[in-house]
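Be aware that the sequence shown starts at 1, since it is given in UniProt numbering, and climbs by one per residue. Cβ coordinates follow ideal geometry from the N, Cα and C atoms, glycine included.
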Amino acid sequence: MTDYHKEQINAMVSAGIYSILFETVSSVMEGQAISDALSMSTDDKIKAVVSFTCRKDGIAVRHGEKFSDAVKLVLNNSKVIGFGINCTHPGAVTALLESVQPISPDLEVFVYPNSGKYENNESEENPTKIVLSSIRTWVELGATAIGGCCGFDAGIISEIRSHVDHLNSVKNDRS
């Protein structure tokens, strides 16, 4: 797995790409492989964010290891400038962010959950409402980028953007 990621990193660097988002990482083992591959690159221009797909329980990555352990592992690499949560039920995101507090304000923290319709035992609550009602909390917990993954269409992404813009305008009015 490390060799695969090393090959991908080398191809991107050869093309002049130095900002890399590794997404939908499902295990600590894959996070370790990404970290190892990044360490093998001698190019210090590389900056990466590693985004994990997590279980609905708000504790673990898909493979079952603790999300907080996965995040700590990848953040030990100086080329990793942040982490993310993607392709995860929106109801799990707050607990996942809480599990890695405190978050350095220097980190990039991406949050882009799925609509939840791909989870077993779906929540009865509307996933769009969960996301929209959670944006303020996610920002307070360190999120620097918020969006949507599988099942969220352009209209919902636009609603998310409007909520983030409103939150930013309120924040700027208080400054």
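Following the DSSP letters along the chain, one finds Val49 inside the beta strand (DSSP E) bounded by residues Lys47 to Phe52.
Per DSSP, Ile81 is one residue of the beta strand (DSSP E) stretching across Val80 to Asn86. By the criterion of a C-beta distance shorter than 6 Å, Gly142 is surrounded in its chain by Ile103 and Val109, once the five residues flanking it on both sides are discounted.
The C-beta distance from Ile59 to Ala95 rounds to 7 Å, short enough to fall under 8 Å. As the crow flies, the alpha-carbon of Leu75 is around 21 Å from that of Pro113. In the structure shown, the three-state DSSP call for Phe67 is helix. For the 8 Å CB-CB criterion, Ser35 and Thr53 do not form a contact.
Per DSSP, Tyr18 is not a residue of any beta strand (DSSP E), being assigned neither H nor E.
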